[in-house]
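Structure record follows, encoded as structure tokens.
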Amino acid sequence: MANTTRWRLISGTLGVICLLLMATLGILFNTSHSKIDIEPTSSPGLNTELQEGSDCYSCPEKWVGYKCNCYFISSELKTWEESRNSCVSQNSSLLQLQNRDELQAFMHSSQYFYWTGLSYNEERRDWLWEDGSALSRNLFTLPETPHSKSCILYSPVSDTLDESCETKNRYICNKSLFK
Numbered sequence: 001m002a003n004t005t006r007w008r009l010i011s012g013t014l015g016v017i018c019l020l021l022m023a024t025l026g027i028l029f030n031t032s033h034s035k036i037d038i039e040p041t042s043s044p045g046l047n048t049e050l051q052e053g054s055d056c057y058s059c060p061e062k063w064v065g066y067k068c069n070c071y072f073i074s075s076e077l078k079t080w081e082e083s084r085n086s087c088v089s090q091n092s093s094l095l096q097l098q099n100r101d102e103l104q105a106f107m108h109s110s111q112y113f114y115w116t117g118l119s120y121n122e123e124r125r126d127w128l129w130e131d132g133s134a135l136s137r138n139l140f141t142l143p144e145t146p147h148s149k150s151c152i153l154y155s156p157v158s159d160t161l162d163e164s165c166e167t168k169n170r171y172i173c174n175k176s177l178f179k
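In this text, residue positions in the sequence shown follow full-length UniProt numbering: the first is 1, and each later residue adds one.
What follows is the structure, given as structure tokens:
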């Protein structure tokens, strides 16, 4: 009888430990799964494409690499100027789109709008990228009569929006990886 009681105690203890381990595993899985949804990180599949090409460097940690470019997709909300400064501090600039489908490969399901490097310049009465170059008119349609402090938000799913540069939104930094 003493033997049976000892085995029941041992099996009960092991059962409780097993339940605790399963609960811990569930919590860890849930936590890591939600971090993936919130914080973009570099994607091994996309970075491999960069490493195979001899003309490109690889991207820093937490950046997404695609076709010799690195993209930092922010989950923070900042004004256009704050976003621009954040990109500059990371040796990059706000996103300057080359074509409408540039980010489709890895952002096809994003429901957010992100600041780009495009803002309205009152002196030149035109939309200009951060580097001072003009927007290619066939890239996307923009308002003909923008407000003086307008900047452009981009969504790979929903196209573009012009909004006050003082509004806080997510942003995308971009840097080229050519050697």
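Virtual Cβ for every residue (Gly too), placed ideally from N, Cα, C. Source: prediction; values computed, not measured.
Unbroken beta strand (DSSP E) run spanning residue i, endpoints
{"i": "W63", "result": "Neither: W63 is in no beta strand (DSSP E) and is coded neither H nor E."}
Between the CA atoms of residue j and residue i - distance to the nearest angstrom
{"i": "P60", "j": "F72", "result": "9 Å"}
{"i": "R6", "j": "T13", "result": "11 Å"}
{"i": "E123", "j": "A134", "result": "13 Å"}
{"i": "R84", "j": "K149", "result": "15 Å"}
{"i": "G132", "j": "N91", "result": "18 Å"}
{"i": "S176", "j": "I152", "result": "21 Å"}
{"i": "L21", "j": "T4", "result": "26 Å"}
{"i": "S110", "j": "V88", "result": "24 Å"}
{"i": "L142", "j": "S58", "result": "34 Å"}
{"i": "N169", "j": "Y154", "result": "11 Å"}
{"i": "V16", "j": "L94", "result": "53 Å"}
Limits of the unbroken alpha helix (DSSP H) element including residue i
{"i": "C70", "result": "From DSSP, C70 is part of no alpha helix (DSSP H) but of the beta strand (DSSP E) over 69-73."}
For the 8 Å Cβ check, are there 3 or more pairs between the stretch 114-125 and the stretch 65-84?
yes
In chain order, which continuous runs of the alpha helix (DSSP H) of length 4 or greater are located wholly inside the UniProt domain "C-type lectin" (66-174)?
80-89, 104-107
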